[in-house]
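**Q** Structure in structure tokens, see below.
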Amino acid sequence: MSQTRAYAITAEAVAKERARTGGDLTQVDVTRIIALDTLELREVGPTDVKLKVLAVSAEHNIEHAALADTVNIAETRGGKMYPGNSALGEVIEIGAQVKRVKVGDIVATHCNGEPDKYGYPLRIWAYDQPDSIGWYSEEAVVGEWQVIKVPLDCGLSIWEMAALPLRAPTAYHLWRRGIGIYRLKVSNERQAVLNVLSFGGGVGELFLMIAKAEGHNAYFCSGSPERRESLEKLGIKGIDQKAFNRFKTKDDVKAFGKKCKELTSGENFHIVCDMLRGPVFDAGLSVAARCGVNVSAGWQLSQVVTYNTTIQSVKQVTIDHTHYETPEGCAAATELYGRVWKPSIHKEIYSFEDVPRCFKDMRENTQTGIPIIRVAKTLPASVAKIS
Ligand SMILES: NC(=O)c1ccc[n+]([C@@H]2O[C@H](COP(=O)([O-])OP(=O)(O)OC[C@H]3O[C@@H](n4cnc5c(N)ncnc54)[C@H](OP(=O)(O)O)[C@@H]3O)[C@@H](O)[C@H]2O)c1
Numbered sequence: 040m041s042q043t044r045a046y047a048i049t050a051e052a053v054a055k056e057r058a059r060t061g062g063d064l065t066q067v068d069v070t071r072i073i074a075l076d077t078l079e080l081r082e083v084g085p086t087d088v089k090l091k092v093l094a095v096s097a098e099h100n101i102e103h104a105a106l107a108d109t110v111n112i113a114e115t116r117g118g119k120m121y122p123g124n125s126a127l128g129e130v131i132e133i134g135a136q137v138k139r140v141k142v143g144d145i146v147a148t149h150c151n152g153e154p155d156k157y158g159y160p161l162r163i164w165a166y167d168q169p170d171s172i173g174w175y176s177e178e179a180v181v182g183e184w185q186v187i188k189v190p191l192d193c194g195l196s197i198w199e200m201a202a203l204p205l206r207a208p209t210a211y212h213l214w215r216r217g218i219g220i221y222r223l224k225v226s227n228e229r230q231a232v233l234n235v236l237s238f239g240g241g242v243g244e245l246f247l248m249i250a251k252a253e254g255h256n257a258y259f260c261s262g263s264p265e266r267r268e269s270l271e272k273l274g275i276k277g278i279d280q281k282a283f284n285r286f287k288t289k290d291d292v293k294a295f296g297k298k299c300k301e302l303t304s305g306e307n308f309h310i311v312c313d314m315l316r317g318p319v320f321d322a323g324l325s326v327a328a329r330c331g332v333n334v335s336a337g338w339q340l341s342q343v344v345t346y347n348t349t350i351q352s353v354k355q356v357t358i359d360h361t362h363y364e365t366p367e368g369c370a371a372a373t374e375l376y377g378r379v380w381k382p383s384i385h386k387e388i389y390s391f392e393d394v395p396r397c398f399k400d401m402r403e404n405t406q407t408g409i410p411i412i413r414v415a416k417t418l419p420a421s422v423a424k425i426s
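Taking our numbering, the leading residue of the sequence shown gets 40, the next gets one more, and so forth.
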């Protein structure tokens, strides 16, 4: 057994911060909840892989765990959990039966905690999968099935690659669902080039990258000029969400609708990705084209939505809910690193000690791209040249 430094979230810290803020989630300071701890790693079993964690990306499920806004997951997990379900690591030890990776390989982890009979996750690793230990740690022991070799020569830096283990499979899955459902209704011969819209955020921008790579018109409605600019370089057109007051009123949604009609010559959007819900859902649904598809795997602004079913029936619109990819889908998404996924990352690479501050910045929405945390002080030679 060996020990490693790892971040933890305790139910006690969540409760203490709830009491301090009187239950007002907008006042919660996540730096009081996410804390550095020591973790005892399990022995490396025959099908296990030991990793030196190189870099991780900050993900919203940690915020959900700290806020306990969806469920009080730290409490459900017995009072303490080790979060972190997106990591890039160097293989430093393998079990006797491990075949797919060897010592020295650089791998990404996926967070499908327990595939159902179709491969989709019943639970998410380091969140609701019982006994799962996350990777905001200096070392980790995982099953061989949880790691995927990354294409080091894909043209991305190690930090850009670290943005992708969770977000790219999510975007990949959203896209194959969105396009699959649309094609069930409208064939290629009838409508070859689609108008695709997504709202701000890492998953949303990756979703548009695959739509663009497959030849469609892609639009990114975001409040961040830096993110819009970085997507414009890939031919993905920006729409300033703040010009529509982030859809605070019906008039804002109407004005957005008018703008979308102008941009698409009256056609509107065949596929819309909305990871946020809340007012973004209403805006996204209002600009669906006939036979359009609205996909989402997130509920950052609200978990509940309402809509007029008659209008959606008449327009033949499908609203689809997804979660995360199958392990095979995660491997397919990893093949597209650099070819399709060219993520915008936040300008500061946070240090391991800065994890709580990184989440505070994420909550305040001040980051200019996907936030990355460098965990390893020294990098292996294979990646030092792309750091
Ligand atoms: N099911 C899954 O497997 C899965 C996987 C990944 C993520 N998710 C969920 O999906 C959501 C987004 O994830 P992400 O990784 O894409 O997040 P992200 O990269 O942090 O992006 C979130 C974006 O939301 C936008 N935003 C923030 N506050 C807003 C507000 N008040 N109104 C409108 N937009 C606002 C911001 O974009 P702009 O400022 O640029 O507009 C921000 O960049 C989260 O809820 C996350 O938990 C689910």
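Virtual Cβ for every residue (Gly too), placed ideally from N, Cα, C.
#1: Could you check where the alpha helix (DSSP H) with R285 kicks off and where it finishes?
#2: Which class does N100 belong to by DSSP, given the choice of helix, strand or coil?
#3: Pull up the distance between the alpha-carbon of Q168 and that of A294, whole angstroms please.
#4: Please work out which residues of its chain come closer than 7 angstroms, Cβ to Cβ, to V394, disregarding the five sequence neighbours upstream and downstream, and give them in chain order.
#5: Looking at I133 and ligand 1, is the gap between the Cβ and the nearest heavy atom below 7 angstroms?
#6: Counting beta carbon pairs with one atom in the segment 354–371 and one in the segment 155–166, are three or more of them shorter than 8 angstroms?
#7: Got a sec? Which residues, its chain only, sit under 6 angstroms from E114 by beta carbon, not counting five neighbours each side?
#8: Could you tell me the distance, in whole angstroms, from the CA atom of T349 to the CA atom of R316?
#9: Let me know the secondary structure DSSP gives T209 once reduced to three states.
#10: Excluding five sequence neighbours on each side, which residues of the same chain lie with their C-beta closer than 7 angstroms to the C-beta of A415?
#11: Looking at the unbroken alpha helix (DSSP H) that takes in G128, where does it start and where does it end?
#12: With a threshold of 7 angstroms, establish whether the CB of N100 neighbours any heavy atom of ligand 1.
#13: Compute the minimum distance between the beta carbon of Y175 and the heavy atoms of ligand 1, and state whether it is under 7 angstroms.
#14: Three or more beta-carbon pairs under 8 angstroms between the segment 379–394 and the segment 403–410, yes or no?
#15: Keeping to the same chain, check which residues put their C-beta closer than 6 angstroms to that of S96; ignore five residues upstream and five downstream.
#16: From this set, R116, L324 and E199, which residue's C-alpha is nearest R378's C-alpha?
#17: Nearest to K251 by alpha carbon, out of E265, S263, G262 and A231?
#18: Looking at the structure shown, is R402 part of a helix, part of a strand, or coil, going by DSSP?
#19: In this structure, does DSSP put K381 in helix, strand or coil?
#20: Is the distance from the Cβ of G262 to the Cβ of R285 below 8 angstroms?
#21: Measure the C-alpha to C-alpha separation of T417 and K297 and round it to an integer number of angstroms.
#22: Just verifying my parser: in three-state terms, what is the DSSP assignment at V394?
#23: Would you grab the beta carbon distance between Y221 and I310 for me? Rounded to a whole angstrom, and I think it's under 8 angstroms.
#24: Could you spell out where the beta strand (DSSP E) holding P366 opens and where it closes?
#25: Short of 8 angstroms in beta carbon distance, which residues of its chain neighbour L33, apart from the five on each side in sequence? Order them along the chain.
#26: Between Q280 and ligand 1, is the CB less than 7 angstroms from at least one heavy atom?
#27: DSSP on L90, reduced to helix/strand/coil?
#28: Is M120 near ligand 1, judged by its Cβ being under 7 angstroms from some heavy atom?
#29: I need the straight-line Cα distance from M401 to V140, nearest angstrom please.
#30: Suppose the cutoff is 6 angstroms on Cβ atoms and the five residues either side in sequence are ignored; what does the same chain contact list for G277 look like?
#31: Would you decide whether K89 is buried or exposed? Buried here means 16 or more other CB atoms lie within 10 Å of its CB.
#32: Do T65 and R396 have their C-beta atoms closer together than 8 angstroms?
#33: In chain order, what residues of the same chain have a beta carbon less than 7 angstroms from the beta carbon of C150, not counting five sequence neighbours either side?
**A** On the basis of the coordinates in this document:
#1: Neither: R285 is in no alpha helix (DSSP H) and is coded neither H nor E.
#2: helix
#3: 43 angstroms
#4: Y46, I73, Y175 and I412
#5: no
#6: yes
#7: A50
#8: 20 angstroms
#9: helix
#10: K91, V92 and L93
#11: Counting along the chain, G128 falls outside any alpha helix (DSSP H), though it belongs to the beta strand (DSSP E) covering A126 to I133.
#12: yes
#13: no
#14: yes
#15: S125, A201, A202, I409 and I411
#16: E199
#17: A231
#18: helix
#19: coil
#20: yes
#21: 52 angstroms
#22: helix
#23: 6 angstroms
#24: Taken as a continuous stretch (DSSP letters only), P366 belongs to no beta strand (DSSP E), being part of the alpha helix (DSSP H) at P366 to E374.
#25: Any question about residue 33 goes unanswered here, given that the chain covers just 40 to 426.
#26: yes
#27: strand
#28: no
#29: 33 angstroms
#30: F259, R267 and E271
#31: buried
#32: no
#33: N124, S125, I163, W164, A165, L205 and Y363
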